[in-house]
Amino acid sequence: GAVVSQHPSWVICKSGTSVKIECRSLDFQATTMFWYRQFPKQSLMLMATSNEGSKATYEQGVEKDKFLINHASLTLSTLTVTSAHPEDSSFYICSAKLGLWAQPQHFGDGTRLSIL
Amino acid sequence: ELKVEQNPLFLSMQEGKNYTIYCNYSTTSDRLYWYRQDPGKSLESLFVLLSNGAVKQEGRLMASLDTKARLSTLHITAAVHDLSATYFCAALNAGGTSYGKLTFGQGTILTVHP
């Protein structure tokens, strides 16, 4: 149980394009989803927290106009990297959990984004 | 603000040897997680430790938690090559603006060689 699907797993695109990444909880209702970014050989850095039906909360230093997050249903959150540039190339990982504080986060398989 | 520090950051081990990875966290947290990450992959959950003195074991890995010392350890027994990966600990924020969020350690890159 507790499967989180992330799509696509790998995307390569030209600088200036926008890229959308989907995160779906397949067998549970995720009231809260998290988006992380991981650069090579570094730890996971939380970008934002999204709760179903409300605006995402962004961590300090993360541009909300650059990284658009939508959590329109209890099973789907999307991250759109707008006007992507090479410095946005990274591994993006989502996680999902039920709303209670103590519930564990279930991680997606990640999306490797490469901007040329 | 909760901070999580792991050490060592890099660990090269011979097969068959034992070693411990340490995870210190700076403020109160009731839940401590250990994850494994293989190259190019996402996180695989290994252990969740819920209370002081908790010990969990799975195969050659054993994790423990001392909430008074704010320390968790991941002990590797008789290492094998298949254990080569990056290991992360993460503590759950119990209050403040980061309530309910995970704070990750830097990760320990483990390489097990013959």
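First to last, the sequence lines map onto chains H and F. Be aware that the first sequence starts at 141, since it is given in the numbering used here, and climbs by one per residue. Be aware that the second sequence starts at 125, since it is given in the numbering used here, and climbs by one per residue. For every residue, glycine included, the Cβ atom is placed at its ideal position computed from N, Cα and C. Quantities reported herein were computed from a predicted structural model and do not represent experimental measurements.
- Residue state for L207 of chain F is assigned as helix, using DSSP reduced to three classes.
- Excluding sequence positions up to five before and after T152 of chain F, its CB lies within less than 6 Å of the CB of A218, all in the same chain and listed in chain order.
- By the C-beta density criterion, T210 of chain F is buried, having at least 16 other C-beta atoms within 10 angstroms.
- Judged by DSSP secondary structure, L135 of chain F falls within the beta strand (DSSP E) whose first and last residues are 134-138.
- Nearest to C153 of chain H by C-alpha distance, out of H:S223, H:C234, H:A188, is H:S223.
- Here the alpha carbons of S194 of chain H and T191 of chain F stand approximately 34 Å from one another.
- For L219 of chain H, the uninterrupted beta strand (DSSP E) run begins and ends at 216-221, by DSSP.
- Shown here, D190 of chain F sits in a strand according to DSSP, grouped into three states.
- In the DSSP assignment, L174 of chain F is bridged to no other residue.
- Interface annotation, S166 of chain F: in contact with chain H, CB-CB separation under 8 Å.
- In the three-state reduction of the DSSP assignment, E227 of chain H falls in the helix class.
- Per DSSP, the continuous beta strand (DSSP E) segment holding A212 of chain H begins and ends at 207-213.
- DSSP places T251 of chain H within a strand segment (E or B) once states are collapsed to three.
- Taking all protein chains in view, the Cβ of V143 of chain H is surrounded by fewer than 16 other Cβ atoms within 10 Å, so the residue is classified as exposed.
- Closest in C-alpha terms to N176 of chain F, from the list F:V236, F:G231, F:L189, F:G229, comes F:L189.
- Cβ-Cβ distances below 7 Å link R160 of chain F to E168, L170, A209, Y211 in the same chain, with the five nearest sequence neighbours on each side left out; the list follows chain order.
- Comparing C-alpha distances from Y223 of chain F to each of F:Q130, F:D154, F:T144, F:Y146 shows the shortest one belongs to F:D154.
- DSSP places Q146 of chain H in the uninterrupted beta strand (DSSP E) bounded by 144-147.
- In the three-state reduction of the DSSP assignment, T221 of chain F falls in the helix class, which pools H, G and I.
- For V236 of chain F, none of the residues of chain H pass the 9 Å Cβ criterion, the least Cβ distance being about 18 Å.
- Segment contact: the region 134-146 of chain F against the region 239-255 of chain H, fewer than three CB-CB distances shorter than 8 Å; contact not assigned.
- In this structure, N131 of chain F lies away from R194 of chain F, with their beta-carbon atoms at least 8 Å apart.
- Q178 of chain H is not a Cβ neighbour of I255 of chain H, given a cutoff of 8 Å.
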